[in-house]
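Working notes for the structure below.
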Amino acid sequence: MPQRSILNCGHATVCLSSSSHAAVSGFRRQGQRQRLAAIKADNRSFSREDKLFLEEDDRVFPAPLLLPGDDLAGDPEDPQSFREWLDGEHRNPVTAKKKTVYVVPSPQIDANVDFIQEWTIPKCPDREVSMEPPSMKDVQDYLTAFYHGLPVKMMPSSTLQFIPWEEPKRKPTKKTGPQYLGLKYGDECVRIRSRTLSNGVYGGQVNLDDLLEAAISVLPKDAYALLMLVDFDLYEDDDDEFVCGRAYGGSRVAVVSSARYNPTLDTIHDVERLHAWPASHCEKYMSACASAEPSVKRQKRSQVNSRRSQNSTSGLSGPMKDAVSFYRSLPEVGSSPSLLSALWLGRVCRTASHELGHCFGIAHCVYYACSMQGTASISEDARQPPYLCPVDLAKILCATSTSASQRYGALLEFCERPGKSDTHFFGPFATWIRSRLGQIKDST
7 MPQRSILNCG HATVCLSSSS HAAVSGFRRQ GQRQRLAAIK ADNRSFSRED KLFLEEDDRV
67 FPAPLLLPGD DLAGDPEDPQ SFREWLDGEH RNPVTAKKKT VYVVPSPQID ANVDFIQEWT
127 IPKCPDREVS MEPPSMKDVQ DYLTAFYHGL PVKMMPSSTL QFIPWEEPKR KPTKKTGPQY
187 LGLKYGDECV RIRSRTLSNG VYGGQVNLDD LLEAAISVLP KDAYALLMLV DFDLYEDDDD
247 EFVCGRAYGG SRVAVVSSAR YNPTLDTIHD VERLHAWPAS HCEKYMSACA SAEPSVKRQK
307 RSQVNSRRSQ NSTSGLSGPM KDAVSFYRSL PEVGSSPSLL SALWLGRVCR TASHELGHCF
367 GIAHCVYYAC SMQGTASISE DARQPPYLCP VDLAKILCAT STSASQRYGA LLEFCERPGK
427 SDTHFFGPFA TWIRSRLGQI KDST
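Each residue of the sequence shown is one higher than the one before, starting from 7 at the first, in the working numbering.
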C-alpha cells in the first residue's frame with residue numbers, strides 16, 4: 007500500500023505507461039510492432055470504421071499498471087493475438103443454433119438447509135451499511151451491451167435449488183454445517199462440496215469446481231455460454247481462502263460470486279477506493295505504490311521514471327484523461343448506500359464480462375490495461391478497466407458480428423441510466439466511451 011498521504015490525491019497527472027515496478031518485476035511488455043501485429047486482422051473481417059476503433063492510442067488504451075503484487079508482475083501468461091485466437095483449436099464459434107448467453111441466478115435454498123442463507127452475509131464488515139446487492143437484471147443488461155449482437159437471457163430463479171445431499175438423521179446446525187449440499191435442477195441432483203468457517207469473513211463457502219460441473223449439466227441446447235452468478239463465497243481446494251470466479255472456457259460455462267466484491271469488505275481486502283479505475287492510472291498513486299517496494303538500483307529506477315514521464319499527461323486530452331477528470335468531480339463514496347450499491351454492481355459486471363470472455367476463447371491480456379487482464383487480488387481487480395483493448399475488442403467484434411460503434415452505443419446507454427451515470431464505475435466508463443466515440447467521429 008502507498009503512503010497515507012496519497013489518500014488526499016487529486017489525480018492531477020495521468021500515467022499512460024506501466025509503473026517503474028515493471029523493470030523490477032522482469033515483465034517485458036510486447037513492443038509496439040508486436041502489439042500492432044497482434045491487432046492486425048484479415049481486411050475482410052472489419053469495416054473501415056471498426057478498423058479506426060482498433061487503432062492503438064495510449065490516450066485510450068494505456069499500458070498495464072504493473073504495480074507490486076499485480077498478476078502480470080508475478081507470472082504473466084503468453085500473449086494471444088487476434089490471429090491466434092481466430093485459429094485456436096479450442097475456440098467455440100458462435101452459430102445460428104448456439105448463440106445465446108444465459109445467466110443463471112443464485113440457487114434457491116430449501117428449508118432443510120435454510121441456515122446457509124447466513125453464509126451470504128459477511129461476519130466482519132467494515133461498517134454496517136444498508137445497500138442493495140447487485141441486481142440480476144442489471145447484470146443481464148450490462149452483458150447484453152458488452153456482448154452486443156448476441157441475445158442474453160435470464161434463466162428462471164427456480165432453475166437451481168440447494169437441498170440436503172442426503173436425508174440427515176438430524177438437521178445440520180449453523181455450527182456444524184453440511185459437508186455436502188445437493189444442487190437440484192429439474193429431476194437431477196448433484197453433490198456440491200461445502201465447508202463451514204469459524205474465523206472466516208463468511209460463515210461458510212461452496213466449492214467452485216462443483217458448481218462449474220453443475221453449470222455444464224444445466225447448459226441449454228441453444229446456449230453459446232452460461233454464467234452462474236451466486237451470492238455465496240467460493241473456494242476451490244482446502245488451501246484456498248476464497249476465489250471470486252472462474253470459467254471452463256472450452257465447456258462454455260462460468261461461475262462468478264458477488265460475495266467478496268461487497269464494498270463493506272474493502273478494508274479487509276486492502277481496496278483503496280480513491281484509486282479504483284480510472285484513477286488507478288494516477289501518476290502520483292503509481293509512484294507511491296512502486297516506491298513502497300524494496301528499492302532497486304537508482305540508475306535503473308531513474309531511467310524507468312524518465313521513460314514514464316514521457317508517457318504522462320496533465321494537458322493532453324483523450325478518453326483516459328476525460329474519465330479521470332469525471333471521476334475527480336464525483337463525491338467520495340463514503341457510506342452512501344446508492345453509491346456503494348452501484349460500486350458493487352460495477353465490480354460484478356466487470357468480472358462477469360471477463361469470465362464470459364474466456365468462454366469466447368479469449369485468454370488473459372498482456373498487451374494493455376484491459377478488462378481481460380488476469381488479477382491476483384481484489385485490490386488489483388478494482389484497478390482494472392471495464393473496456394476491452396484493441397486486440398480483445400477485435401476478437402469480440404468478430405465473435406458477435408456487431409460493430410464497435412453499436413457496441414459502444416449499447417454500453418453508453420446502460421452506463422447513462424438513472425442511478426448509474428453519476429457513480430464511480432459507470433460514470434467514468436460512460437465518459438471514456440463518449441470521448442472515444444468523439445475521437446472516431448472527428449477522424450472520419
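C-beta: ideal position from N, C-alpha, C; glycine also.
Spatially closest choice to residue i from the options, by CA coordinates
i, options, result
"I274", "T429, V30, K129 and T106", "K129"
"E242", "V262, D215 and V261", "D215"
"P74", "T381, Y191, P68 and L60", "T381"
"L187", "D387, E55, P113 and K46", "P113"
"V20", "Y374, V236 and M292", "M292"
"P392", "W438, P424 and K401", "W438"
"L235", "M142, S323 and R440", "M142"
"S441", "G324, A358, E338 and E419", "G324"
"N98", "L60, D245, G256 and F67", "G256"
"D244", "Q379, Q185 and G192", "Q185"
Whole-angstrom C-beta distance between residue j and residue i, which should lie under 8 Å
i, j, result
"R258", "A231", "4 Å"
"F52", "L403", "7 Å"
"V277", "S385", "5 Å"
"R201", "G209", "With a Cβ gap of about 10 Å, R201 and G209 do not count as contacting."
"D398", "C376", "6 Å"
"V110", "V262", "That pair is no contact at about 11 Å."
"W91", "K447", "Not quite, the Cβ-Cβ distance comes to about 29 Å (not below 8 Å), so this is no contact."
Neighbourhood of residue i by C-beta, 8 Å cutoff - its chain only, sequence neighbours within 5 removed
i, result
"G433", "F332, Y333, L336, C421, K426 and S427"
"T406", "V100, Y153, H154, G155, L156 and R413"
"T450", "E55 and L58"
C-alpha distance - residue i paired with residue j, whole-angstrom precision
i, j, result
"V107", "A298", "43 Å"
"P85", "A253", "19 Å"
"L166", "Y267", "23 Å"
"L394", "E172", "45 Å"
"V212", "L218", "11 Å"
"R35", "E62", "15 Å"
"A265", "C250", "8 Å"
"W283", "R356", "11 Å"
"A18", "L271", "28 Å"
"S411", "H96", "29 Å"
"Q309", "G32", "The predicted model places Q309 with a pLDDT of 40, which falls under 50 and marks its position as unreliable; any figure quoted below should be read in that light. Going by the C-alpha atoms only, they are around 15 Å apart."
"Y148", "S347", "15 Å"
"L5", "E194", "One cannot answer for residue 5 here, as it falls past the ends of the chain, which runs 7 to 450."
"L362", "D328", "28 Å"
"F435", "R423", "12 Å"
"S204", "M137", "25 Å"
"G444", "T429", "22 Å"
"F431", "M326", "13 Å"
"D76", "Y374", "14 Å"
"P82", "H27", "14 Å"
"Q146", "R41", "32 Å"
"S24", "E124", "42 Å"
Sequence-distant residues of the same chain with beta carbon closer than 7 Å to residue i, five excluded per side
i, result
"S286", "L71 and R389"
"P226", "Y108"
6 Å Cβ shell around residue i - same chain, five flanking residues per side excluded
i, result
"A220", "L189 and V196"
"L351", "P140 and D144"
"I87", "What sits at residue 87 in the sequence shown is Ser, not Ile. So the list reads A44, once near-sequence residues are dropped."
Fully enclosed by the segment 85-135, which beta strand (DSSP E) runs are 3 residues long or longer? Listed in chain order, the beta strand (DSSP E) elements of length 3 or more contained wholly in the segment 85-135 are 106-110.
Starting from the N-terminal side, write out each stretch of the alpha helix (DSSP H) that is 4 residues or longer and does not extend beyond the segment 371-445. 384-389, 396-406 and 410-421
Which whole runs of the beta strand (DSSP E) in the segment 184-257 are 3 residues long or more, in chain order? 186-191, 194-202, 210-213, 229-236 and 251-254
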